[in-house]
Ligand SMILES: Cc1ncc(COP(=O)(O)O)c(C=O)c1O
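Numbering (this note's numbering), first residue to last: 1 to 488.
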């Protein structure tokens with residue numbers, strides 16, 4: 001049975017035994033309108049011998065999908081839920097193109113290369129350098145590629161100096177997104193987590209410096225923590241690493257995880273130095289499908305200089321015709337997202353992105369102001385970095401953030417509640433990611449609904465404690481190392 005905790009499909013228990021149809025209606029799809037096209041129930045878990053009419057098959061699936069949440073009210077996800085209809089048309093038009101078929105679709109490759117150039121320049125890559133980059137399925141793949149490049153560069157340097165290269169580590173805050181844990185485990189790099197505290201939910205510079213040594217392949221700075229939306233002190237971290245390099249042997253590169261902030265900071269906080277303006281930054285990832293405003297399935301990674309990307313990681317294939325360099329974890333992938341990204345670049349331009357981000361931030365700040373006006377809450381992040389509002393229940397209330405999240409769901413709002421990453425896990429918060437679908441009008445309705453939920457919970461819940469134990473007991477979510485669930 002698929003559960004929230006297991007996105008990897010498991011064998012359904014209904015398929016294990018053969019039971020008569022009458023006992024086992026759960027195993028079959030028998031829609032009410034079956035007389036119009038279905039003469040027999042259709043098995044859910046094994047493929048039927050006979051085909052269905054296209055409209056019947058589609059209707060069955062649409063019916064089930066009605067049970068999903070409404071993407072427009074999904075304030076949990078950073079991922080785009082609305083695009084122009086012209087973008088949707090372009091995506092439909094290119095759904096049948098495999099991005100990897102470069103020989104067959106050279107113009108798509110050209111468009112991809114333009115996107116990389118646009119991003120490199122947005123991230124202030126030095127023109128005298130030979131920056132390079134590629135599209136990925138999302139920031140996770142981008143991070144795996146960037147992490148691999150860091151590992152190989154470190155190993156090559158160690159090998160050249162005849163030094164051991166068997167114990168690489170990577171230094172990052174406890175608040176990293178789960179993809180960094182995956183990178184460390186999949187590619188056998190020791191993750192060195194910089195502890196958080198009850199009043200610091202991002203990496204600390206001094207604390208990070210204590211973790212680095214000659215085996216550190218890189219230090220990660222996050223432009224927009226998944227947990228709160230705050231930017232990490234990237235420039236301070238870079239300067240501290242510069243100083244370390246000046247003093248001695250440790251010359252450690254930085255990668256910036258700008259999954260969300262890569263499309264926000266250049267427009268809202270252009271003075272904030274986080275990108276290739278800092279010499280120490282060798283690579284940056286961003287998610288085109290977050291504030292890049294494209295539907296899910298696109299990320300980007302850009303390197304300051306082609307030298308930062310070891311040649312050994314690039315594979316050359318000739319079986320598609322011509323010589324094609326590939327650096328990706330997957331091979332085939334759809335071209336539509338790349339096209340849609342380029343559409344946004346053309347359609348919006350810098351001022352278009354700037355005005356969208358400005359309006360999202362205004363909405364976020366308005367929401368944060370309203371929340372801080374409620375005596376039951378304390379705002380943790382008010383939308384001043386990413387347009388994300390993160391808040392917790394103040395003091396000793398009779399209800400938890402988990403109950404608030406559950407009740408908001410009854411109204412259709414998806415507002416996740418979760419505990420912070422280790423070292424700050426006693427703190428449980430709610431988070432609202434402001435995206436294009438959340439207008440100020442809707443935000444008014446959301447605030448009214450939050451007030452209604454508060455009143456309801458105050459009258460129905462008994463006095464309880466909000467200490468760590470009760471937070472964990474109330475939490476419907478069993479947390480892993482990062483306490484990270486449904487936060488993406
Ligand atoms: C900071 C950060 N890094 C990486 C990721 C993973 O991004 P993607 O979902 O594009 O793989 C996320 C997702 O929320 C994120 O917030």
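Every residue, glycine too, gets a C-beta built ideally from N, C-alpha and C.
Residue 332 is a Cβ neighbour of residue 98, given a cutoff of 7 Å. The way I'd put it, the segment 355-373 doesn't touch the segment 115-130; fewer than three beta-carbon pairs between them come closer than 8 Å. Closer than 6 Å to some heavy atom of ligand 1: that describes the Cβ of residue 226. In the DSSP assignment, the residues bridged to residue 392 are 378, 429.
In this structure, residue 189 sits near residue 151, with a CB-CB distance shorter than 7 Å.
Closer than 6 Å to some heavy atom of ligand 1: that does not describe the Cβ of residue 133. Under the DSSP assignment, residue 195 falls outside any beta strand (DSSP E); it carries neither an H nor an E label.
Taking a C-beta distance under 7 Å as the contact criterion, residue 270 and residue 217 do not qualify as a contact pair. With a cutoff of 6 Å, residue 203 does not count as near ligand 1, since its C-beta is closer than that to no heavy atom of the ligand.
For residue 255, same chain residues with a beta-carbon under 6 Å away, outside a window of 5 residues either side, are 146, 218, 220, 283 in chain order. Our two residues, residue 130 and residue 49, have alpha carbons roughly 56 Å apart in a direct line.
For the pair residue 265 and residue 287, the CB atoms are not nearer than the 7 Å cut-off. Across the structure, residue 102 and residue 87 are spaced so that their CA atoms are roughly 22 Å apart.
By DSSP's assignment, residue 419 forms a beta bridge with 428. In the DSSP assignment, residue 179 falls within the unbroken alpha helix (DSSP H) covering 178-186.
One thing to note: residue 343 has its Cβ within 7 Å of the Cβ of residue 90. Taking a 10 Å sphere around the C-beta of residue 153, we find 16 or more other C-beta atoms and assign the residue as buried. In this structure residue 96 is exposed. Its beta-carbon is surrounded by fewer than 16 other beta-carbon atoms within 10 angstroms. Here residue 292 is buried, its C-beta having at least 16 other C-beta atoms within 10 Å. Rounded to the nearest angstrom, the gap between the Cα atoms of residue 424 and residue 392 is 13 Å.
Between the alpha carbons of residue 458 and residue 448 lies a distance of about 15 Å.
Secondary structure at residue 87: helix, using DSSP grouped into helix, strand and coil.
Excluding the 5 residues flanking it on each side, residue 280 has same chain C-beta neighbours closer than 7 Å at 238, 241, 242, 253, 254, in chain order.
Closer than 6 Å to some heavy atom of ligand 1: that describes the Cβ of residue 140. In the pairwise beta carbon analysis, the segment 104-119 is classified as not touching the segment 348-355: fewer than three pairs are separated by under 8 Å.
In the structure shown, residue 340 adopts helical secondary structure according to DSSP, grouped into three states.
Rounded to the nearest angstrom, the gap between the Cα atoms of residue 261 and residue 434 is 13 Å. Sixteen is the threshold: when 16 or more other Cβ atoms of the shown chains lie within 10 Å of the Cβ of residue 418, as they do, the residue is buried. Under the rule that a run must span 3 or more residues, the beta strand (DSSP E) segments found entirely inside the segment 266-333 read 281-287, 299-303, 315-317, 324-326. For residue 172, the secondary structure class from DSSP, reduced to helix, strand or coil, is strand.
Sequence-distant partners of residue 105 (beyond 5 residues in either direction) whose C-beta falls short of 6 Å from its own C-beta, in its chain, are 97. Assigned with DSSP and collapsed to three states, residue 45 falls in coil, not helix or strand. In the DSSP annotation of this structure, the continuous segment of the beta strand (DSSP E) that includes residue 219 starts and ends at 216-222.
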